[in-house]
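Visitor: Pasting in a structure now, in structure tokens, and then I'll have a few things to ask.
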Amino acid sequence: MIERDPGTAEAISFVLNGGGCSVTVERDALLLYVLRNDLGLKGSRFGCGMGLCGACMVLVDGRPMPSCDLPLYAVAGKRVTTIEGMQAADGLHPLQQAFIDEGAGQCGYCLSGILISAMALLERNPDPSDADIRTALEPNICRCGAHARVIRAIRRAAGAAS
Amino acid sequence: MTASGLDAPLAGNLQLGERLDARLRIEADGSITALTGKVELGQGIHAALAQIVADELDVPFDRVRVAPVDTSSSPNEGTTAASRSIEESGAALRQVAAEVRQALLESAAAELGVPIGELSVDAGVISAPDGRSIRYASLAGIDLTRPVTGQVKPKPARLRSLIGRSAPRRDLVAKVTGKPSYVQDLEIPGMVHARVVRPPSYGAELRSVEVDALSAMPGVVQVVCDGNFLAVIAEQERQAIAALTRARRTSVWDTGRSEPLKVDPRALLEMSSETALVEQRSDGAGPSGRVTSLEAEYSRQHIAHAAVGPSCAVAVLDDGGYTVWTHSQGIFELRHELANVLGMPSENVRVIHMEGAGCYGHNGADDAALDAALLARSVPGRAVRVQWARDDEFAWEPFGPAQVVRLSAGLDERGAIVDWQHDGWSPGHDGRPAEDRPAEESALLAAHDLAVRRRRPRPRSRLEANGGRRNAIPLYVFPNYRIVDHYVAEAAVRVSALRSLGAHLNVFAIESFMDEIATATGADPIELRLRYLVDARARAVVEAVADRARATPFQTGDGDHVRGRGIGFARYKNHAAYAAAMVEVDVGTEVTVKRAWGAIDAGMVVSREGLVNQAEGGITQAVSWALYEAVQADGSRIATRGWNT
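In order, the protein sequences belong to chains U and H. Just so we're aligned, residue 2 is where the first sequence starts under my numbering, counting upward by one. Just so we're aligned, residue 753 is where the second sequence starts under my numbering, counting upward by one.
So this is what it looks like as structure tokens:
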């Protein structure tokens, strides 16, 4: 972390969950804290601050990335999708519904990040094998042990979509 | 529940004289509010409690709300731990719901002029045979200040319609859509953000801090320095993090006199311990013929809770009183300890539970609550949010203690187990806050760092079934056995309750040793267990899981690569649920668990889904503990600071 001079604040624009967004903040402010504190989107959770646990995962131009060590300038002009942007206008995303149907979660703290990883996976591979799912979720830690359910839920969502 | 009299115990943890409205309320719209002291930890307990209440009161599940758990309004039901929530709070709520239903029926009977016996209830509507009816909503004003009597019998099992079904986890919708769900997400107007600068190692003393430079950083509201307790408070979270980073770099700590941390479990064998006989049995006959003895030693390293979200709390000091939001497992115990450290009566401290990331026992939640309260004292009127850093969570949360178990068995000429000796070395597993804690002691981390230092209490082992002794007595019936507990009072590091306490290593040891015996005597591991299991429910879970896994051979391959399955069995605490698990493992250059099967008899199951979810999670976590986890130290410093160290 770099100590900042408040004078370096500048407006940074990006597309957030499909809409335009501009934040005036130090340019190396980390995306997670901007989302949670400046923009009031609490769905991306803090787990480690080191990009190691996946709880804060967001999509940047469709690619899943931890937001806790991603400076805001790195997303300038890009498309950022958070868990809050996953829900379709007409209801839950099939993945969200599948997680509820499978009871895939205990405390649920890891779920936002897992859903983001899963969404990216299904975008590029609509019919993933269990091994594909495991690989895609490698960056996400779940400590309660909901893994088997999470895999079932992703398979269910993939099945529902195909 | 009996009609016989006053001395019959009340259901669950109900106390004689307790008011019905301390546990249940009927709202004006006819919906029901259930009050519990048991907190939601991701285990789905609030859904299960709502099921019990809805079933007993004949209202739909979605008409029952469970109130937030709050010292100002909830019954004090102690810690939410040890799989006791259903048997304590659940049983109490069922009894109270039965009495409230009776009160509603009495009231309706008077109003409709019909004997109670002729009334029926469906979905919160009480009907008379002639078709007239009254809704619960119109009876919402009935007097529920009356005390619990224990004189009304809850419904018999055949009349229940919700208990045993799988209630939906209502919280999951909010969680999968990213709604604020945790104490970490709490936002209070004017709230400031704090970070605590923890010592680099055990026993480190703070020598100097750049208070002026830190105070001059952007947004910094206050630098708090009290003994070894150092913290920064800032307007914005990122400003607090920047100040933390700088304070960690520039503050000077004296680590010279710190002792190396003996985290290796075998160090317990060298430490002073109090030895006590837990239980023994002797058939008096003595074995006939030659007895071969078999010995083995099992140990477990310190294990971190390592919840995905590090501990967090929010506190505010207003009008001379504190309000603290926390993911603690025991808000009343925490309130007592907070009041002790803050030097005020408990009544001036209100503790409100909010969910945190997964809780597997006594983690850093209570400590973060004290951090927040201490810092709230420096900025009265403003809420202070303290978020622990990931590396601090690993280094400073209480760990599940290391343990060692030595087992020996005497086998007769036919391979029968004629003698069994169990010696267990363990620190206490209960370092939790307690309501009887004296003011000069504190279970809370920061209290050990303040200038007016509170003594760190010894983890307790006083409860018979607690701590290292839990599940030390095997359920197998041997003619002679001797179970000995070696309680190590001074643990090498800060330890407290982690899921199942000593049962984890005791069961691991017993079950591994049974397999050693099976191998030594050429017995089938399942047959060997069944030979010594008398309890029919115990036999049933072993047989069920063995049956499911039958298609998988016990062992295939040889030399460097084998694949096989193994079984484990226990009855939790020797008096709760029976469980057997079978895993298929692949043992090559590394050990991989390929599949697991489980069979559980938990008696009356409220939410089948909740039970299965917990069991699956337990299996996964136990595999991780066994294969991957051990807290490491480097001198007096905890070296494990992340999931990859």
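Even for Gly, the Cβ is constructed at its ideal location relative to N, Cα and C.
Using beta carbons (cut-off 7 Å, strictly below), is ILE101 (chain U) in contact with chain H?
Guide: At least one chain H Cβ lies under 7 Å of ILE101 (chain U).
Visitor: Find the nearest neighbour of GLY842 (chain H) within the set H:THR823, H:ALA1117, H:ALA1333 and H:GLU808, judged by alpha-carbon distance.
Guide: The shortest C-alpha separation from GLY842 (chain H) is found at H:GLU808.
Visitor: Give a yes or no on whether the minimum CB-CB distance between GLY173 (chain U) and chain H is below 7 Å.
Guide: No answer is possible for residue 173 (chain U): it lies beyond the span of chain U, which begins at 2 and ends at 163.
Visitor: Roughly how many whole angstroms lie between the Cα atoms of GLN767 (chain H) and ILE1319 (chain H)?
Guide: C-alpha separation (whole angstroms): 42 Å.
Visitor: Span of the beta strand (DSSP E) holding LYS927 (chain H)?
Guide: Careful: LYS927 (chain H) lies outside any beta strand (DSSP E), inside the alpha helix (DSSP H) at 923-928.
Visitor: Any chance you could list the beta strand (DSSP E) runs of at least 3 consecutive residues sitting entirely within the region 1292-1334 of chain H, in chain order?
Guide: Complete beta strand (DSSP E) runs here, min 3: 1307-1310 and 1313-1323.
Visitor: Please give me, in chain order, every unbroken run of the beta strand (DSSP E) with length at least 3 that falls completely inside the region 918-989 of chain H.
Guide: Entirely contained in the region 918-989 of chain H, the beta strand (DSSP E) runs reaching 3 residues are, in chain order, 944-949, 957-960, 972-978 and 981-986.
Visitor: Could you tell me whether the Cβ atoms of ASP1144 (chain H) and ARG917 (chain H) are closer together than 7 Å?
Guide: Cβ atoms of ASP1144 (chain H) and ARG917 (chain H): not closer than 7 Å.
Visitor: Between THR1304 (chain H) and the rest of its own chain, which residues show a CB-CB distance below 6 Å, the 5 nearest in sequence each way excluded?
Guide: ARG1317 and GLU1336, listed in sequence order.
Visitor: Checking contacts by CB at 7 Å: is ASN1115 (chain H) closer than that to chain U?
Guide: So, not an interface residue.
Visitor: Classify PRO65 (chain U) as buried or exposed, calling it buried when 16 or more other Cβ atoms lie within 10 Å of its own Cβ.
Guide: It is buried - the Cβ of PRO65 (chain U) has at least 16 other Cβ atoms within 10 Å.
Visitor: Residues in its own chain within less than 7 Å of THR823 (chain H) by CB, not counting five upstream and five downstream?
Guide: Taken in chain order, the residues that qualify are ILE1083, PHE1084, ARG1087, ARG1102 and VAL1103.
Visitor: Could you confirm whether any beta carbon from chain U is found closer than 7 Å to the beta carbon of VAL1383 (chain H)?
Guide: VAL1383 (chain H) does not count as touching chain U.
Visitor: If the cut is a Cβ gap below 7 Å, which residues of chain U does TRP1059 (chain H) touch?
Guide: Reading off the sequence shown, one finds Ala at residue 1059 (chain H), where the question assumed Trp. Neighbours of ALA1059 (chain H) on chain U, chain order: ARG144.
Visitor: Opposite MET66 (chain U) in the DSSP bridges: which residues?
Guide: Looking at the DSSP assignment, MET66 (chain U) forms a beta bridge with U:VAL59.
Visitor: Considering only C-alpha positions, which residue in the set H:ARG1281, H:ALA1161, H:GLU770 and H:ILE1390 is nearest to THR897 (chain H)?
Guide: Of H:ARG1281, H:ALA1161, H:GLU770 and H:ILE1390, the residue nearest in Cα terms is H:GLU770.
Visitor: On a Cα-Cα basis, can you pick out the residue from H:LYS1346, H:ASP1164, H:SER1388 and H:PRO867 that is closest to ARG1400 (chain H)?
Guide: Since the first residue of chain H shown is 753 and the last is 1397, residue 1400 (chain H) is not available in this structure.
Visitor: Should ALA1161 (chain H) and ILE1278 (chain H) be called a contact, given that it needs their Cβ atoms to be closer than 7 Å?
Guide: No, they are not a contact pair.
Visitor: By Cβ distance below 6 Å, which residues in the same chain neighbour LYS1014 (chain H) in space, the five residues on each side in sequence not counted?
Guide: Answer for LYS1014 (chain H): ALA1244, listed in chain order.
Visitor: Going along the chain, which unbroken runs of the beta strand (DSSP E) with 3 or more residues stay wholly within the region 995-1068 of chain H?
Guide: Counting only runs of 3 or more, we get 1004-1006, 1026-1033 and 1044-1052.
Visitor: Any C-beta of chain U sitting closer than 7 Å to the C-beta of VAL948 (chain H)?
Guide: So no, VAL948 (chain H) is outside the interface.
Visitor: Chain U partners of PRO932 (chain H), CB-CB under 7 Å?
Guide: Going along chain U in sequence order, the residues near PRO932 (chain H) (Cβ under 7 Å) are LYS43.
Visitor: Note down the Cα distance separating GLU1216 (chain H) from ASP1237 (chain H), rounded to an integer number of angstroms.
Guide: The predicted model places GLU1216 (chain H) with a pLDDT of 49, which falls under 50 and marks its position as unreliable; any figure quoted below should be read in that light. Rounded to whole angstroms, GLU1216 (chain H) to ASP1237 (chain H) spans 11 Å at the Cα level.
Visitor: With DSSP collapsed to three states, give me the class of ALA1217 (chain H).
Guide: Note on ALA1217 (chain H): pLDDT 44, under 50, position unreliable in the model; no value is reported.
Visitor: Grab me the residues of PRO67 (chain U)'s own chain with a C-beta within less than 7 Å of its C-beta, minus the 5 sequence neighbours each way, in chain order.
Guide: Correct list, in chain order: GLY52, GLY55, CYS57 and MET58.
Visitor: Let me see if you follow: with CB-CB separation under 7 Å, is ASN38 (chain U) close to chain H or not?
Guide: Yes, ASN38 (chain U) counts as interfacial toward chain H.
Visitor: Please report whether the beta-carbon of ILE134 (chain U) lies at a distance below 7 Å from any beta-carbon of chain H.
Guide: False, the Cβ-Cβ gap to chain H never drops below 7 Å.
Visitor: Measuring CA to CA, which of H:ALA889, H:PRO1150 and H:VAL973 is closest to VAL877 (chain H)?
Guide: The shortest C-alpha separation from VAL877 (chain H) is found at H:ALA889.
Visitor: Just to confirm, are ASP956 (chain H) and ALA983 (chain H) a CB contact at a threshold of 7 Å?
Guide: Before going further, note that residue 956 (chain H) is Ala rather than Asp in the sequence given. Their beta carbons are not under 7 Å apart, which means ALA956 (chain H) does not touch ALA983 (chain H) by this criterion.
Visitor: Would ARG775 (chain H) pass as a contact of LEU845 (chain H) if the rule is Cβ separation under 7 Å?
Guide: Taking 7 Å as the Cβ cut-off, ARG775 (chain H) and LEU845 (chain H) qualify as a contacting pair.
Visitor: So, for SER756 (chain H): in the same chain, excluding its five sequence neighbours on each side, which residues have a beta-carbon less than 6 Å away from its beta-carbon?
Guide: Residue confidence is low: SER756 (chain H) scores 41 on pLDDT, short of 50, so the model does not pin down where it sits. Its coordinate-derived value is still stated next. Here the set comprises nothing.
Visitor: What do you get for PRO7 (chain U), buried or exposed, if any count of 16 or more other CB atoms within 10 angstroms of its CB means buried?
Guide: Note that PRO7 (chain U) has pLDDT 46, beneath the 50 cutoff, so the model's placement of it is unreliable and the number below is only indicative. PRO7 (chain U) should be labelled exposed.
Visitor: Compile a chain-ordered list of the residues in the region 1132-1146 of chain H whose CB is closer than 8 Å to at least one CB of chain U.
Guide: Listed by position along the chain: GLN1139, ALA1141 and ARG1142.
Visitor: Buried or exposed: which applies to ASN126 (chain U), given that a residue is buried once 16 or more other Cβ atoms fall within 10 Å of its Cβ?
Guide: Label assigned to ASN126 (chain U): exposed.
Visitor: Nearest CA to the CA of MET1397 (chain H): which residue from H:TYR1330, H:ASP1035, H:GLU1263 and H:ARG1142?
Guide: The question names Met, but residue 1397 (chain H) is Thr in the sequence shown. It is H:ARG1142.
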